[in-house]
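Heads up, the thing below is written out as structure tokens.
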Amino acid sequence: MKKIFLALLTLSSMTASAQFGAPRQNPIVPSVVADVVEDFKPAATNQGGKQYPMVNSQRMVRAQIVAPKASFVGLDIAGKIYEMTKDENGVWTGTSEPQDEGFHYYQLNIDGASVPDPGSKYFYGASRWGSGIDVPAADEEFYTVKNVPQGSINEVYYWSSVSEKMRHGYIYLPNEYYKNPTKKFPVLYLQHGMGENETGWSAQGKTGIIMDNLIAAGKAVPFIIFMDNGLDVPRREAPAPGQGGGRRGGFGGFFNAFQDVLIKDIIPMVEANYRVIADANHRAMAGLSMGGMQTHGITLANPTTFAYVGMFSGGTFNTEELKDAADFKKTNKVLFMSAGGRETRMAEGDNSVGKAAENLKAIGINAHGYVSPGTAHEWQTWRRSLYQFAQLIFK
Numbered sequence: 033m034k035k036i037f038l039a040l041l042t043l044s045s046m047t048a049s050a051q052f053g054a055p056r057q058n059p060i061v062p063s064v065v066a067d068v069v070e071d072f073k074p075a076a077t078n079q080g081g082k083q084y085p086m087v088n089s090q091r092m093v094r095a096q097i098v099a100p101k102a103s104f105v106g107l108d109i110a111g112k113i114y115e116m117t118k119d120e121n122g123v124w125t126g127t128s129e130p131q132d133e134g135f136h137y138y139q140l141n142i143d144g145a146s147v148p149d150p151g152s153k154y155f156y157g158a159s160r161w162g163s164g165i166d167v168p169a170a171d172e173e174f175y176t177v178k179n180v181p182q183g184s185i186n187e188v189y190y191w192s193s194v195s196e197k198m199r200h201g202y203i204y205l206p207n208e209y210y211k212n213p214t215k216k217f218p219v220l221y222l223q224h225g226m227g228e229n230e231t232g233w234s235a236q237g238k239t240g241i242i243m244d245n246l247i248a249a250g251k252a253v254p255f256i257i258f259m260d261n262g263l264d265v266p267r268r269e270a271p272a273p274g275q276g277g278g279r280r281g282g283f284g285g286f287f288n289a290f291q292d293v294l295i296k297d298i299i300p301m302v303e304a305n306y307r308v309i310a311d312a313n314h315r316a317m318a319g320l321s322m323g324g325m326q327t328h329g330i331t332l333a334n335p336t337t338f339a340y341v342g343m344f345s346g347g348t349f350n351t352e353e354l355k356d357a358a359d360f361k362k363t364n365k366v367l368f369m370s371a372g373g374r375e376t377r378m379a380e381g382d383n384s385v386g387k388a389a390e391n392l393k394a395i396g397i398n399a400h401g402y403v404s405p406g407t408a409h410e411w412q413t414w415r416r417s418l419y420q421f422a423q424l425i426f427k
């Protein structure tokens with residue numbers, strides 16, 4: 033059990049590190065120059081008025097920066113540093129190989145230092161702010177802004193009795209929250225991955241856009257989403273087995289600390305300040321990677337608190353831990369597990385999310401397994417996972 037957790041944690045850390053070019057040095061490869069279709073367009077994630085970085089129809093990324101005194105500049109993306117070339121004006125340009133559809137962290141490597149690209153917006157990942165780029169996807173319509181009733185994502189500051197300080201999160205409120213001032217709503221508590229923070233789901237994950245489009249299409253019921261920082265928590269000792277620790281869902285004191293903040297601070301704060309239906313049947317918890325593992329441990333340790341559970345690239349539940357979990361089985365209405373198609377440990381074979389769902393159905397759990405086609409441990413997998421999960425819950 034412990035080995036599975038460590039493998040997933042390593043995968044999460046390596047993915048973020050590879051995409052940012054830190055802390056390990058990625059291999060340097062030549063910039064792509066042959067068979068390139070010259071239909072590059074500025075990326076949707078660029079700062080206003082910036083032409084670079086660009087993406088073409090082959091999903092190649094091209095970066096450019098003025099650095100006349102530099103001796104080396106590289107485009108560091110998806111585990112490789114593409115060596116850029118300098119012209120007579122000191123402008124460096126380089127092109128990557130085709131990238132996966134969806135969002136990618138990247139950096140520029142200038143004389144050995146990994147720095148953000150001044151042309152892109154900045155996103156928090158790999159435990160720091162850095163560059164990000166969205167590569168157009170065939171299915172991007174579900175996270176594209178449309179002329180539909182718009183909800184809002186608002187910043188929330190609140191006092192934490194556990195952390196003994198003010199904390200910060202984001203809350204998504206659907207359009208109907210404003211249009212129907214007497215209605216109460218269900219809540220999803222949605223968590224980010226290792227090295228990310230409370231900004232991830234709204235910025236990289238496109239949560240508000242996904243939800244607005246789903247609700248407008250009648251594919252999801254309106255519900256509230258609260259997104260918090262699962263790493264900015266006080267450390268505590270691991271709880272005893274059966275209380276969220278000592279098992280795959282425990283993760284020791286490091287991960288279980290967030291359980292205290294969620295149960296004692298976040299949920300009471302949301303239920304006191306927003307129009308929500310304060311019972312298990314109208315609460316859900318989900319997360320990606322580390323957030324999925326936190327979801328696993330917290331929902332096992334609090335089996336009557338959440339009726340809907342989602343793990344995105346965060347492993348699986350198994351029949352051993354749930355077959356005798358009477359409270360969990362009685363409360364749970366949907367258990368959703370997902371992975372990217374190229375996350376082979378979770379997408380294929382006996383340990384896959386699909387196989388786990390089959391086994392859980394056999395013991396009476398309404399389990400669902402979803403595999404995102406052609407993606408790895410990355411945001412396109414998690415955007416698609418949220419899109420699928422949101423259509424199953426609170427119905």
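So for the sequence shown, my numbering puts the first residue at 33; every next one is plus one.
Even glycine gets a Cβ: it sits at the ideal position worked out from N, Cα and C.
| Query | Result |
| --- | --- |
| Roughly how many angstroms separate the alpha carbons of A252 and F217, rounded to a whole number? | 13 Å |
| With DSSP run on the structure shown, which of helix, strand or coil describes D382? | coil |
| From Q236 to Y202, what does the alpha carbon distance come to, in whole angstroms? | 14 Å |
| Across which residues does DSSP place W124 in a beta bridge pair? | I97, K118 |
| Could you check how far apart the C-beta atoms of F120 and G106 are, in whole angstroms? I think they sit under 8 Å. | With the sequence shown as reference, residue 120 is identified as Glu, and Phe is not the correct amino acid for it. About 20 Å; that fails the 8 Å criterion. |
| So for E353, helix, strand or coil by DSSP? | helix |
| Can you name the start and end residues of the beta strand (DSSP E) that I247 belongs to? | First-last for I247: 239-248, but that is the alpha helix (DSSP H), not the beta strand (DSSP E). |
| For V69, name the three-state secondary structure that DSSP assigns. | coil |
| Which residue or residues does DSSP assign as beta-bridge partners of S146? | N141 |
| Between which two residues does the beta strand (DSSP E) carrying R199 extend? | 197-205 |
| Return the first residue and the last residue of the alpha helix (DSSP H) that N305 is part of. | 299-305 |
| Any beta-carbon of chain D closer than 8 Å to the one on Y84? | In the structure shown, chain D cannot be found, because there is only a single protein chain. |
| Report the residue from A388, G346, S370, A399 whose alpha carbon sits nearest the alpha carbon of K361. | A399 |
| If distances are taken between C-alpha atoms only, which option among F426, W411, K427 comes closest to Y175? | W411 |
| Drop a sphere of 10 angstroms on the beta-carbon of Q223, count the other beta-carbons inside from all chains shown, and report buried for 16 or more, exposed for fewer. | buried |
| As a quick exercise: from E172, K355, A389, S345, pick the residue whose alpha carbon is nearest that of A371. | S345 |
| Nearest to V64 by alpha carbon, out of S163, T127, Y84, K197? | T127 |
| Whole angstroms is fine: what's the gap from Q79's alpha carbon to S159's? | 21 Å |
| Below 8 Å on the Cβ atoms is my contact criterion, and I expect V93 with I165 to pass it. Report the Cβ-Cβ distance as a whole number of Å. | 6 Å |
| Would a C-beta distance cut-off of 8 Å place G183 and G240 closer than the cut-off? | yes |
| Measuring CA to CA, which of V219, S195, P181, Y189 is closest to K211? | P181 |
| Could you pull out every residue in the same chain whose Cβ sits closer than 7 Å to the Cβ of K365, ignoring the five residues on either side in sequence? | A339, Y340, N398 |
| Are the CB atoms of L246 and A316 within a distance shorter than 8 Å? | no |
| Can the beta-carbon of M259 be found less than 8 Å from the beta-carbon of P206? | no |
| Check for me: the beta strand (DSSP E) holding R415 runs from which residue to which? | That residue, R415, is in no beta strand (DSSP E); its alpha helix (DSSP H) goes 411-422. |
| Tell me N78's beta-bridge partners as DSSP assigns them. | S152 |
| What span of residues does the alpha helix (DSSP H) with A333 cover, start to end? | 322-333 |
| Quick one: grab the DSSP three-state call for R91. | coil |
| Where does Q326 land, buried or exposed, given buried means 16+ other C-beta within 10 angstroms? | buried |
| Taking buried to mean at least 16 other C-beta atoms within 10 Å of its own C-beta, is V293 buried or exposed? | buried |
| Please classify K434 as buried or exposed, where buried requires at least 16 other C-beta atoms within 10 Å of its C-beta. | Nothing can be reported for residue 434: it is not among the residues displayed for the chain, which extend from 33 to 427. |
| With DSSP as the reference, label G232 as helix, strand or coil. | helix |
| Y138 to S404, Cα distance in whole Å? | 22 Å |
| Since F174 is in the alpha helix (DSSP H), which residue starts that stretch and which ends it? | Counting along the chain, F174 falls outside any alpha helix (DSSP H), and DSSP gives it neither H nor E. |
| Return helix, strand or coil for E390, following the three-state DSSP convention. | helix |
| Output needed for M301: all residues of its chain with C-beta closer than 6 Å, excluding positions within five of it in sequence on either side, in chain order. | Y190 |
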